[in-house]
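A.B. asks: For the sequence shown, the positions run 4 to 173 when my numbering is used.
Where is the CB? At the ideal position from N, CA and C, for every residue including glycine.
Just so it is clear, the structure is predicted and the values come from calculations on it, not from any experiment.
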Amino acid sequence: MHKIQELIDYVFTSIPSIYLIIGSTVIFVVMTTIVYTMRAKASNKPILAKKIILPPLFMSTGMFMFLFDEFRVPWTQVLEASLVGILFSAFLIYTTTFEMKNDRIYMKKSKAFLIILLGLLVIRMVGKIVLSNTIDIGELGGMFFILAFSMILPWRIGMLVKYKKLEKSM
């Protein structure tokens, strides 16, 4: 753990923050592309409850980042990031729908999902550029993780509720 802390300290002190912002934005663009591709492929396969539940469970391991001082966020910013995430999740919950085909449940393709993803990408990039002048880059990374987690968790819960309703009607 001590060696990891030394590595994190080295990265945050030796690499200019603009490079960290650019690097994390590039990674986010790649991840957005992967998520959209996976979502498009998923609409061709039946969905199961475990496929809805597992992503936030796997993502929760990212909370380990808060063991390190660089990523810790004050409670007011935790609340702000959580509220923004919950607000964004409402759009995802509303636009995620399911359909029955051959006695199986499928997620419907949605153009709104791509628009929402691209909107989030733009908001995230602008937010990073604006906030990186006033908030430490590690803390900002923690805030964006909290935002993402607080968006994905309610969205997946909403998906599970819709899925279970449709499953009951079968």
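When you compare the CB positions of Ile56 and Phe94, do they come within less than 8 Å of one another, or not?
C.D. replies: no
A.B. asks: Could you have a look at Met62 and say whether DSSP puts it in helix, strand or coil?
C.D. replies: helix
A.B. asks: If you draw a straight line from the alpha carbon of Ile2 to that of Arg42, how long is it in whole angstroms?
C.D. replies: In the structure displayed, the chain extends from 4 to 173; residue 2 sits before or after that span and is not available.
A.B. asks: Between the C-alpha atoms of Phe148 and Trp78, what's the straight-line distance to the nearest angstrom?
C.D. replies: 14 Å
A.B. asks: Which runs of the alpha helix (DSSP H) fall wholly inside the region 36-119 and span at least 4 residues, in chain order?
C.D. replies: 52-62, 78-98
A.B. asks: Report the CB separation of Pro49 from Tyr109 in whole angstroms; it is logged as a contact under 8 Å.
C.D. replies: 6 Å
A.B. asks: Quick check on the burial criterion: 16 or more other C-beta atoms within 10 angstroms. Buried or exposed for Ile37?
C.D. replies: By the C-beta density criterion, Ile37 is exposed, having fewer than 16 other C-beta atoms within 10 angstroms.
A.B. asks: Rounded to whole angstroms, what is the Cα-Cα separation between Ile7 and Phe61?
C.D. replies: 21 Å
A.B. asks: Using 8 Å as the threshold, is the region 63-79 in touch with the region 128-135, meaning 3 or more CB pairs across them?
C.D. replies: no
A.B. asks: Alpha carbons only, please: which of Gln80, Lys171, Ser113 is nearest the one belonging to Ser46?
C.D. replies: Ser113
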